[in-house]
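Numbering (full-length UniProt numbering), first residue to last: 1 to 344.
This report refers to the structure that appears directly beneath it.
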């Protein structure tokens, strides 16, 4: 049956009005700030506006970091055996995932990993243990190994040891730890949905202890755990208010045996919008594309570095990462440079 071309046709969908990303970037470059409502608008923006968003975000990234990319290396110094019930984590007490379980590694293993970090061009070596917080044996191990690593390799040390007291933070500072990682993971209102054995306030208190001890704070979160846009925005602004220097943004890699298994509802565009929003809210802070980038950003990983300025090189705690050679190639193809020296 022929179509009657003279009959009234339904109106074409009206294109969504492009948001003023460049105007927002101009304001930030003049010393202004993004509002929470504007941050929400970034997360809700359309795919058709994505390149304009990334281009505006790149102006902020370039202002503070040029075209450099900083590489980080993760070392799972103690695996499994964690008494906490974080729903996303394969090492938690409620996880049935088949992860390695071992106490804190010996000196030689930690030194070998530091050597590998240096060989791969990493700027920072991240020592991570699974725990609510470090016990005395673990504190002693860190205090002994950190000075030796720093005497042998041009690396910053970031310690991720769980909840810390002020006294423990002071000890880490004294032994040469440069930075402590302790992620907020999500917004305060949603935190009770992903963990019950400690609170959001506990995490914030640890970051304050780190700051007061004179170390840098590394803290970010995980996108894709069922949180709302408001939760993501809340986390971004809390990190800003705390003055966190480095923000790792993870994308949920749902692992069988955890309460969040099978949850894979992020698109590459969702991930890029989240990265861009964090850059707009925290323009001068290091922003790292972290766990889950390989499975969620996929072929769009290079676009993430137009707003982020850092990646982990190699594997994560219990999951595989992209081959380092692929990361180096991606960075070269973008025309960017790897920052390899501490303080560069």
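We put the CB at the ideal spot given by N, CA and C, even for glycine.
Rounded to a whole number of angstroms, what is the C-alpha to C-alpha distance between residue 159 and residue 189? 27 Å
Span separating the alpha-carbon of residue 99 from that of residue 281: 36 Å
Locate the alpha helix (DSSP H) running through residue 114, then write down its first and last residues. 107 to 119
Which partner residues of residue 128 appear in the DSSP bridge assignment? 76 and 160
Buried or exposed, going by whether 16 or more other CB atoms sit within 10 Å of the CB of residue 57? buried
Can you list the alpha helix (DSSP H) stretches of 4 or more residues lying completely in the segment 159 to 208, in chain order? 166 to 175
Check the C-beta distance from residue 307 over to residue 61 and give it rounded, since I have them as a contact under 8 Å. 5 Å
Which residues in the same chain as residue 214 place their Cβ atom closer than 7 Å to its Cβ, once the five residues preceding and following it in sequence are excluded? 173
Label residue 48 either buried or exposed according to how many other C-beta atoms from any shown protein chain fall within 10 Å of its C-beta, with 16 as the threshold for buried. exposed
What first and last residue would you give for the beta strand (DSSP E) that runs through residue 280? Counting along the chain, residue 280 falls outside any beta strand (DSSP E), though it belongs to the alpha helix (DSSP H) covering 268 to 281.
Which term fits residue 291, buried or exposed, when burial requires 16 or more other beta carbons within 10 angstroms of its beta carbon? buried
For residue 67 and residue 156, the rounded distance between their alpha carbons: 21 Å
Contact check, residue 73 vs residue 122, beta carbons under 8 Å: yes
How about residue 209 and residue 164: are their beta carbons less than 8 Å apart? yes
So, at 8 Å on beta carbons, what are the nonlocal neighbours of residue 14 in its own chain, with the 5 sequence-adjacent residues on each side left out? Legend: pLDDT at residue 14 = 33, less than 50; position of this residue unreliable, value from coordinates given subsequently. No residues qualify anywhere along the chain.
Going by DSSP in three states, residue 8 sits in which element: helix, strand or coil? In this prediction, residue 8 scores a pLDDT of 46, lower than 50, which makes its location untrustworthy; the coordinate-derived value is nonetheless stated afterwards. DSSP places residue 8 in coil when its eight states are reduced to three.
Please name the residue in 321, 126 and 87 whose C-alpha comes closest to that of residue 261. 87
Taking DSSP as the reference, what is the three-state secondary structure of residue 153? coil
Rounded to the nearest angstrom, what separates residue 336 and residue 136 at their Cα positions? 43 Å
Tell me which residues share the same chain as residue 124 and place their Cβ nearer than 6 Å to its Cβ, disregarding the 5 neighbours each side in the sequence. 72, 156 and 158
Nearest neighbour of residue 51, chosen from 302, 78 and 36 [CA to CA]: 302
Let me make sure I understand the geometry here. Which of 129, 108, 166 and 138 has the alpha-carbon closest to that of residue 149? 108
Member of 177, 330, 94 and 226 whose CA lies at the smallest distance from the CA of residue 217: 177
Using 8 Å as the threshold, is the segment 22 to 41 in touch with the segment 216 to 233, meaning 3 or more CB pairs across them? yes
Indicate whether residue 130 and residue 93 have their beta-carbon atoms separated by less than 8 Å. no
Thinking just about the alpha-carbon of each residue, which of 283, 332 and 180 is nearest to the one in residue 28? 283
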